[in-house]
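Chains as they are written, first to last, in UniProt numbering: chain E, 1 to 302; chain Z, 1 to 302. A virtual CB, placed ideally from N, CA and C, is assigned to each residue, including glycine. Notes for the one structure printed next.
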């Protein structure tokens, strides 16, 4: 029997990864979502991204949203950046925790940020300096850690090279991301086993999408491999808006259900996550793929 | 690292568990579905059920459908029954493999077949005799093995009691079924570990629904626990027709994808399963919840 960790930290990513491909949602509706998310008890929230407003119009209000974050106590907010300039903007807006994404796959790196993986890696020192000089922390997220939409399977050495460079440059946290929702449990266990020996005591998180139905299975495999930080999105927000029903991020409430029934403690309340998913659904104006949102908790028989 | 089995047998259940709650599909459309299913390479197909036509009108054509089965070579067909009379009808219709369902939970047993679990268990010897006298095999499926819609969690001893009675009465195969789609990987591992010591070398299968998003994770946990027989349904057919998008059985193609990428061999071809899911979708006239049906295989980069 695999020994499971006693506790898993969930980072709520609906506000960024969930909303980024949606039609822009007014700030007032975003704040309702954020209030519902904070009410779940989650301790870390990815609030927005400081990236090109023309490329990601849904998050063009990043600085404005950031000014609202001081109103929430007891939650760590982070924001995604793709360049030193984005890091500066995030810090200037008051963020204390930034995520820098590096695509391990050449094709996705080029398409996503117009730079090679090596060029993106080369910016880690500058971004780390910008953050650390302000007392902020940096997480490097290795995107396309398993597969690339252009290149197919990502050679493992490309992932490990990014991981090593991040460790060499004093990043505070690492994550491996299944950007296009293709990985499966065995591939998760394999990559975690390869990454772990390289990173010392730097915390390692994982990020999964449910695009091919295996998101929760992959998340459980990650937890069985000792991962105790997982991203998830209320309602499973984050699917392609042009493919109705297509699954996005793994749904927070579905993950909470699975972990609870596995004896793993999380800070997120199941019913509150379902309520937040309903608020997210209203905000974006279409149905979300979460299973618990439809089916609810299992019958208690009481 | 968990040692995975080299091969898993998938039983295709779309024709029975998938169709049983749908509006009746004409026999001609069913035969198109069956042809597409057989074309996947699957070696075992649950073809229909010999139950009350008034309770399950969608399968009222069981005997008529059974006469068509002789046209398919190389596939083992089975049919579900809920009583000795059903077993006699199945055998008379030419089936060589029958499944007898016993609900481990009192509430579901009463609601489903109007008998207590003990009364249903008491029929195992007669059903086994009917089958064996005709050279047919019997599988006992323990329904509501984890949770009951009425009673909540099923006490494990109730499951084990049914398993023991089945073994004592020379059944040929056993399966544990997550009838309402509530179980999760850890609970699967726990129950398999409890059942295994009781059954000697009787093959044990498992049946999962994806109602709460954990179906594939549970299936993978079962495989990690040594289960090498899994039920699945093309398209994930088998959800409630009155809850659009609600997930039914785990989708064959999603399971094949996950197992293939875990290095586990199956007889079912992934693309052929996606094609069969499309045929099933046409037959029932509404969308199905399968992930692969929407997303397709992962990019090969070629």
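How would you list, in chain order, the residues of chain Z whose beta-carbon sits under 7 Å from the beta-carbon of residue i?
i	result
residue 247/E	291
residue 263/E	186
residue 217/E	216, 217, 220, 258
In chain Z, which residues lie with their C-beta within 9 Å of the C-beta of residue i?
i	result
residue 251/E	213
residue 231/E	Within chain Z, no residue comes near residue 231/E; the closest Cβ sits about 16 Å away, beyond 9 Å.
residue 6/E	Simply none; closest approach about 13 Å.
residue 272/E	None at all; the shortest Cβ gap to chain Z is about 17 Å.
For the alpha helix (DSSP H) holding residue i, just list the boundary residues, first then last.
i	result
residue 35/Z	27 to 38
residue 276/Z	270 to 284
residue 195/E	185 to 195
residue 210/E	Segment: none, residue 210/E is in no alpha helix (DSSP H) and carries neither H nor E.
residue 125/E	124 to 133
residue 107/Z	106 to 113
residue 294/E	291 to 295
residue 221/Z	215 to 224
residue 62/Z	62 to 66
Who are residue i's beta bridge partners in DSSP?
i	result
residue 152/Z	148/Z
residue 10/E	230/E
residue 173/Z	139/Z
residue 45/E	12/E, 77/E
residue 251/Z	233/Z
residue 50/E	81/E
residue 265/Z	7/Z
Which two residues bound the contiguous beta strand (DSSP E) that contains residue i?
i	result
residue 103/E	97 to 103
residue 86/Z	Unbroken run through residue 86/Z is the alpha helix (DSSP H), 84 to 92; no beta strand (DSSP E).
residue 204/E	204 to 207
Anything in chain E within Cβ reach of residue i, meaning under 9 Å, just list it in chain order.
i	result
residue 254/Z	212, 213, 214
residue 155/Z	Here the premise fails: no neighbours, minimum Cβ distance about 11 Å.
residue 303/Z	For residue 303/Z there is no data in the structure shown, the boundaries of chain Z being 1 and 302.
residue 36/Z	Those do not exist, as residue 36/Z stays about 20 Å from chain E at its closest Cβ, beyond 9 Å.
In chain Z, what lies closer than 8 Å to residue i by C-beta?
i	result
residue 302/E	152
residue 14/E	Those do not exist, as residue 14/E stays about 16 Å from chain Z at its closest Cβ, beyond 8 Å.
Residue i versus chain E: which residues are under 8 Å apart at the beta carbon?
i	result
residue 280/Z	Neighbours of residue 280/Z on chain E: none; closest Cβ ~16 Å, over 8 Å.
residue 191/Z	Simply none; closest approach about 12 Å.
Mind listing the chain E neighbours of residue i? Cutoff is C-beta to C-beta under 7 Å, in chain order.
i	result
residue 276/Z	The contacting residues do not exist; residue 276/Z stays about 16 Å from chain E at best.
Shorter than 7 Å, the distance from the beta carbon of residue i to the closest heavy atom of the ligand FAD, or not?
i	result
residue 167/E	In the structure shown, the ligand FAD is absent, as is every other ligand, since no ligand is present at all.
Determine which residues of the region 194 to 211 of chain E have a Cβ less than 8 Å from any Cβ of chain Z, and write them out in chain order.
Cβ contacts with chain Z come from 210, 211.
Compile a chain-ordered list of the residues in the region 166 to 181 of chain E whose CB is closer than 8 Å to at least one CB of chain Z.
Within the region 166 to 181 of chain E, the residues whose Cβ lies closer than 8 Å to some Cβ of chain Z are 180, 181, listed in chain order.
Report the residues of the region 105 to 119 of chain Z with a CB closer than 7 Å to any CB of chain E, ordered along the chain.
Listed by position along the chain: nothing, the set is empty.
By the 9 Å beta-carbon criterion, what residues does the region 141 to 153 of chain E contribute toward chain Z?
Close to chain Z, meaning a Cβ-Cβ distance shorter than 9 Å, are the following residues of the region 141 to 153 of chain E: 146, 147, 148, 149, 150, 151, 152, 153.
For the region 90 to 103 of chain Z, list every residue whose C-beta sits within 9 Å of some C-beta in chain E, in sequence order.
none
What residues in the region 51 to 68 of chain E have a beta carbon less than 7 Å from any beta carbon of chain Z?
none
Which residues of the region 122 to 133 of chain Z have a Cβ closer than 9 Å to any Cβ of chain E? Give them in chain order.
none
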